[in-house]
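These notes are about the structure you will find just below.
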Amino acid sequence: MNSKNGQYLLYRAVLEEVKPDFLLYLAVRKITYQAIFSEPIGELVVNKYKVNILVCKSKKQEIWQWIS
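FYI, the numbering used here numbers position 24 of the sequence shown as 65, with every residue one higher than the one before it.
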């Protein structure tokens, strides 16, 4: 598990305790989303753990897609 995954899990655990209504999003580059989260295994993880994703275009630094 890389540090971004660990950081996301840490934030999620803390927010569930102190601000349960707060929505946390995992920001990923479009290329990462297409390589991992659009594949069946990625979809399984997103659906099982109810991960909200913010997909960004890396060169333009703009939001490409919000996924809740």
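In this text, a Cβ means the ideal position worked out from N, Cα and C, and glycines have one as well.
Spatial neighbours of residue i within its chain, please: CB distance less than 6 Å, with the 5 preceding and 5 following residues excluded, ordered by chain position.
| i | result |
| --- | --- |
| V92 | L67 |
| I77 | G83 |
For the candidate residues the options, whose alpha-carbon lies nearest to that of residue i?
| i | options | result |
| --- | --- | --- |
| I108 | K100, S99 and Q75 | Q75 |
Going along the chain, which residues of its own chain have a beta-carbon closer than 8 Å to the beta-carbon of residue i, five neighbours each way excluded?
| i | result |
| --- | --- |
| R53 | L65 |
| C97 | A68, V69, R70, K71, E103, I104 and W105 |
From residue i to residue j, what does the alpha carbon distance come to, in whole angstroms?
| i | j | result |
| --- | --- | --- |
| L56 | D62 | 8 Å |
| N88 | S79 | 12 Å |
| G47 | T73 | 17 Å |
| Y90 | L51 | 14 Å |
For residue i, which three-state DSSP category applies?
| i | result |
| --- | --- |
| K60 | coil |
| K91 | coil |
| K71 | helix |
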